[in-house]
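Participant:
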Amino acid sequence: MKALIFAAGKGTRLKPFTEHHPKALAKVNDIPILERNIKYLKNFGINDFVINIHHFGNQIVDFLNQNDNFGCKIEISDESEELLETGGGLIFARRFLDHGEDFLIMNADILTDMNITEFVEYHKKIKDFATLAVSDRESSRKLLFNDEMILRGWLNVQTGEQRLAEFNKGFKALAFSGIHCINPLMFDKIKRTGKFSVMEEYLDLMQTEKIHGFVHESILIDVGKPESIKEAEKYFK
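Just so we're aligned, residue 1 is where the sequence shown starts under UniProt numbering, counting upward by one.
1) Do you know offhand how far Lys230's Cα is from Asn29's?
2) When DSSP labels each residue in this structure, what does Pro184 get in the three-state scheme?
3) Spatial neighbours of Phe92 within its chain, please: CB distance less than 8 Å, with the 5 preceding and 5 following residues excluded, ordered by chain position.
4) Looking at the unbroken alpha helix (DSSP H) that takes in Arg95, where does it start and where does it end?
5) Might you give, ordered along the chain, the residues of its own chain that have their beta carbon closer than 8 Å to the beta carbon of residue 238, omitting 5 neighbours on each side?
6) Please determine, among Gly87, Thr159, Phe171, the residue with the shortest C-alpha to C-alpha distance to Tyr152.
7) Where does Val157 land, buried or exposed, given buried means 16+ other C-beta within 10 angstroms?
8) Grouping DSSP H, G and I as helix and E and B as strand, with all else coil, what is Lys169?
9) Could you tell me whether the Cβ atoms of Asp98 and Phe187 are closer together than 8 Å?
10) Would DSSP call Glu209 helix, strand or coil?
11) If distances are taken between C-alpha atoms only, which option among Met114, Tyr202, Gly87 comes closest to Leu144?
12) Indicate whether Leu220 and Ile110 have their beta-carbon atoms separated by less than 8 Å.
13) Take Ser228 as the anchor and find which of Lys23, Ala8, Gly9, Leu4 has the nearest alpha-carbon.
14) How should Thr86 be labelled, buried or exposed, when 16 other C-beta atoms within 10 angstroms of its C-beta is the threshold for buried?
15) Between which residues of its own chain and Lys210 is the CB-CB distance below 7 Å, once the five residues before and five after are set aside?
16) For the alpha helix (DSSP H) containing Glu121, list its first residue and its last residue.
17) Going by alpha carbons, who is nearest to Ile179 out of Lys73, Thr208, Met199, Asp48?
18) In terms of residue numbering, what span does the beta strand (DSSP E) encompassing Ala3 cover?
19) Give the range of the beta strand (DSSP E) segment to which Glu75 is assigned.
20) Could you give the uninterrupted runs of the alpha helix (DSSP H) lying entirely in the stretch 1-66, keeping only those of 4 residues or more?
Following this line, the structure appears as structure tokens:
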């Protein structure tokens, strides 16, 4: 299976580091998070990557070259001209990914010990359009699922704003983990162009397609802030 790692973001929450570097090269216990995630996915047999770049993207390319791509095949989706967010970045990388096989997406600034094999097996068993890794943890925004773990809505915890596919019948509210498994049929379903969030598409597509959640209880840390790097260093040695 191929994996797309989103590494293009500006990482504004990680300033001052990101004033001179891409957030994907921020270090947890002296190891860049991009290296950690490539090796993490390699542990589950994934050796074929697409990495999107924008903010100080040349530093990511140099880093990969210096490390011989960690023994993997790595293709670069270069968004130097315009940062396209997750949805636009996915469409821009289509030429690397749309080959009839499901693929994985992971945010570069997520660190987790979730079992990727179990996640992919779940996705393939239910022959899903898209499967989103989720967990029960604190988050300002939650995804809402019915009893069959099919996506039915979105909730802003702070404002109470909701987007629903149907009346909320006590849906489970879970936080998205920044890891998804996608059927390439999705490329023909996405209607937006340019710069947009892939989550906006999921919330449109939940009206007509089955998008499941995969609940995990693994460690998961969003290393987007300096204090979360300190937290991650307790778990990821």
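Quick reminder that beta carbons are idealized off the backbone N, C-alpha and C, glycines included.
Facilitator: To lay it out plainly:
1) If you take the alpha carbons of Lys230 and Asn29, they lie about 9 Å apart.
2) Correct three-state label for Pro184: coil.
3) For Phe92, where only same-chain residues beyond five positions count, the Cβ hits under 8 Å are Asn52, Ser77, Glu79, Leu84.
4) First-last of the alpha helix (DSSP H) with Arg95: 94-97.
5) Given that the chain is displayed from residue 1 to residue 237, the structure contains no residue 238 and the question cannot be resolved.
6) A small correction: the amino acid at residue 152 is Arg; Tyr does not occupy that position in the sequence shown. Nearest of Gly87, Thr159, Phe171 to Arg152, Cα basis: Phe171.
7) By the neighbour-count definition (other C-beta atoms within 10 Å, threshold 16), Val157 is an exposed residue.
8) Note: Lys169 maps to coil in three-state DSSP.
9) Contact flag set, yes.
10) DSSP places Glu209 in coil when its eight states are reduced to three.
11) Cα-wise, what sits closest to Leu144 is Tyr202.
12) Taking the C-beta atoms as reference points, Ile110 is found nearer than 8 Å to Leu220.
13) In this structure, Lys23 is the residue among Lys23, Ala8, Gly9, Leu4 with its C-alpha nearest to the C-alpha of Ser228.
14) Only buried fits Thr86, as 16 or more other CB atoms lie within 10 angstroms of its CB.
15) Here the set comprises Asp128, Phe129, Ile150.
16) If you look at Glu121, you'll find it in the alpha helix (DSSP H) that goes 116-125.
17) The option with the nearest alpha carbon to Ile179 is Met199.
18) Run containing Ala3: 2-6, per the beta strand (DSSP E) assignment.
19) Run containing Glu75: 73-78, per the beta strand (DSSP E) assignment.
20) Runs found: 33-42, 57-66.
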